[in-house]
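In this note's numbering, each residue's number is its place in the sequence shown (first place is 1) plus 6.
Shown next, in structure tokens, is the structure this report addresses.
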Amino acid sequence: MTLEETLLQKLADWRFDNGRQTLTVAHPETGWSAAVVADFADRVGCQLWELNLNRPETAPSGDLKSRAERLAGRATGLMEPLRLIEVDVQGDAALLRSAAPQKRGDDLFYYEVLLRSAGAGVRRYQSSAKGARQQVAFPLTHEATAKLAADLTADA
7 MTLEETLLQK LADWRFDNGR QTLTVAHPET GWSAAVVADF ADRVGCQLWE LNLNRPETAP
67 SGDLKSRAER LAGRATGLME PLRLIEVDVQ GDAALLRSAA PQKRGDDLFY YEVLLRSAGA
127 GVRRYQSSAK GARQQVAFPL THEATAKLAA DLTADA
């Protein structure tokens, strides 16, 4: 089974509505581990706080910029497409954000992905007109969550 299939199977059985919990799913065949942090989960999906993917050994990062650009084109399960903001080669990190943040009143909502050779993380933020931002939960179906995990670990 792939990481995507394993994660989808575990998410299908994960149900709670009593506060933030973490589901950790290891995939020994690839070395990847997914940590899904959510405020609640039901049959269909989760109210995600964040999705993190890690592997214990850092693999050669190759061209992190190219990997980030491919991810931006491939990650289709989010409400907004992603675009590459910056690459820090020395810090082994690429930052992607929503290409067109969602506007509600004076606030902007956007996804942020931090991509590294040994992992990746996805969060959603709300930014006020005053410039302050705060992390917010976001809904995803189980299928979209599993596909996003596969997208984040592809090419790595």
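Even glycine gets a Cβ: it sits at the ideal position worked out from N, Cα and C.
Once you ignore the five residues that flank residue i on each side, which residues in its own chain have a CB closer than 8 angstroms to its CB?
{"i": "Ala-143", "result": "Ala-44, Asp-45, Gln-53, Leu-54, Trp-55, Arg-130"}
{"i": "Pro-163", "result": "With the chain represented from 7 up to 162, any question about residue 163 goes unanswered, as that position is not in the structure."}
Express the C-alpha separation of residue j and residue i in angstroms, rounding to a whole number.
{"i": "Gly-51", "j": "Lys-109", "result": "24 angstroms"}
{"i": "Ala-40", "j": "Asp-98", "result": "20 angstroms"}
{"i": "Glu-11", "j": "Ala-152", "result": "7 angstroms"}
{"i": "Asn-58", "j": "Ala-160", "result": "14 angstroms"}
{"i": "Arg-76", "j": "Met-85", "result": "18 angstroms"}
{"i": "Ala-135", "j": "Gln-141", "result": "15 angstroms"}
{"i": "Ala-150", "j": "Gly-111", "result": "27 angstroms"}
{"i": "Arg-89", "j": "Gln-132", "result": "17 angstroms"}
{"i": "Gln-96", "j": "Ser-72", "result": "16 angstroms"}
{"i": "Ala-138", "j": "Leu-102", "result": "19 angstroms"}
{"i": "Glu-35", "j": "Met-7", "result": "9 angstroms"}
{"i": "Arg-49", "j": "Ala-156", "result": "20 angstroms"}
{"i": "Asp-19", "j": "Leu-146", "result": "15 angstroms"}
From which residue to which residue does the beta strand (DSSP E) around residue i run?
{"i": "Lys-109", "result": "108-110"}
{"i": "Ser-133", "result": "125-133"}
{"i": "Arg-122", "result": "113-122"}
{"i": "Gly-51", "result": "51-60"}
{"i": "Arg-139", "result": "139-142"}
What residues in its chain sit with their C-beta under 6 angstroms from that of residue i, if we drop five residues either side in the sequence?
{"i": "Leu-154", "result": "Gly-83"}
{"i": "Ala-100", "result": "Leu-70, Ala-74, Val-93, Leu-121"}
{"i": "Thr-30", "result": "Ala-41"}
{"i": "Arg-61", "result": "Gly-37, Trp-38, Ala-124"}
{"i": "Val-128", "result": "Leu-57, Val-119"}
Below 8 angstroms on the Cβ atoms is my contact criterion, and I expect residue i with residue j to pass it. Report the Cβ-Cβ distance as a whole number of Å.
{"i": "Leu-70", "j": "Ser-104", "result": "At roughly 20 angstroms, the Cβ-Cβ gap does not stay under 8 angstroms, so Leu-70 and Ser-104 are not in contact."}
{"i": "Leu-17", "j": "His-33", "result": "Rounded, the Cβ-Cβ distance is 14 angstroms, inconsistent with contact."}
Using C-beta distances below 7 angstroms, list every residue in its chain close to residue i, excluding the 5 sequence neighbours before and after it, in chain order.
{"i": "Ala-126", "result": "Leu-59, Val-119, Leu-120, Leu-158"}
{"i": "Gln-27", "result": "Ala-44"}
{"i": "Glu-63", "result": "Gly-37"}
{"i": "Leu-14", "result": "His-148, Glu-149, Ala-152"}
{"i": "Asp-113", "result": "Gln-132, Ser-133, Ser-134"}
I need the boundaries of the alpha helix (DSSP H) containing residue i, first residue and last residue.
{"i": "Leu-84", "result": "Note, Leu-84: premise wrong, no alpha helix (DSSP H); not H, not E."}
{"i": "Thr-151", "result": "148-159"}
{"i": "Gln-15", "result": "9-19"}
{"i": "Ala-99", "result": "Unbroken run through Ala-99 is the beta strand (DSSP E), 99-104; no alpha helix (DSSP H)."}
{"i": "Arg-73", "result": "70-80"}
| task | Count the CB pairs spanning the segment 117-124 and the segment 20-36 that are closer than 8 angstroms, and state whether there are at least three. | result | Output reads no: the segment 20-36 does not touch the segment 117-124.
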